[in-house]
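Using numbering that gives the first Met the number 0, the final residue of the sequence shown is 131, and nothing's skipped along the way.
One structure is given here, and the rest of the page talks about it.
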Amino acid sequence: MLLTVYKREYTAKQLDLLAAQTWAHRISGVFIYQNEHHVDITAMLRKYQQPSFPLRVYHVHSKDFNFPFYGRLAVAALLDTPYVAMFDDDIQPQPGWLQHCFQTVEKHNAIVGNRGVYLTPGKVTENETKRK
């Protein structure tokens with residue numbers, strides 16, 4: 000998982016929602032990519048990096064330069080994992096979201112977006128659940 004922090008303060012809520020996912024056991028780690036220093040997440044990080052929190056949380060901070068969208072993409076490219084999920088700091092994954100994503104990726108060999116769109120070679124299709 001890759002969460003971004005820019006100017007909103009929803010990271011703690013995102014971490015709680017990820018830990019409560021039905022397939023949270025498939026999350027090998029949560030990388031928080033902080034772009035510049037608009038929000039102080041120091042205290043929040045201390046809380047969520049404790050051994051009692053069920054997910055491993057890491058912090059990557061670009062303090063002195065604003066990398067627009069490509070900063071988080073660079074971090075994602077460095078992760079050694081079969082899947083990477085990225086959330087902007089305004090996305091809140093609802094119950095079952097992670098399981099649905101894994102199942103959609105495996106069923107369609109597709110890239111799944113936060114908006115419910117999946118990409119397959121040659122076409123873009125809305126999520127099946129939206130069409131029903």
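The C-beta atom is built at its ideal place from N, Cα and C for all residues, glycine as well.
With respect to the 8 Å criterion, Asn34 and Ser61 are classified as neighbours on the basis of their beta carbons. Sixteen is the threshold: when 16 or more other Cβ atoms of the shown chains lie within 10 Å of the Cβ of Pro92, as they do, the residue is buried. Per DSSP, His99 is one residue of the alpha helix (DSSP H) stretching across 96 to 107. Between the C-alpha atoms of Leu44 and Glu105 there is a straight-line separation of about 32 Å.
Of the candidates Ile31, Val74, Glu8, Glu8 places its Cα closest to the Cα of Asp39. Collapsing the DSSP output to three states places Val74 in a helix. In this structure, Leu1 sits near Arg71, with a CB-CB distance shorter than 8 Å.
A Cβ-Cβ contact shorter than 8 Å links Asp88 with Thr3.
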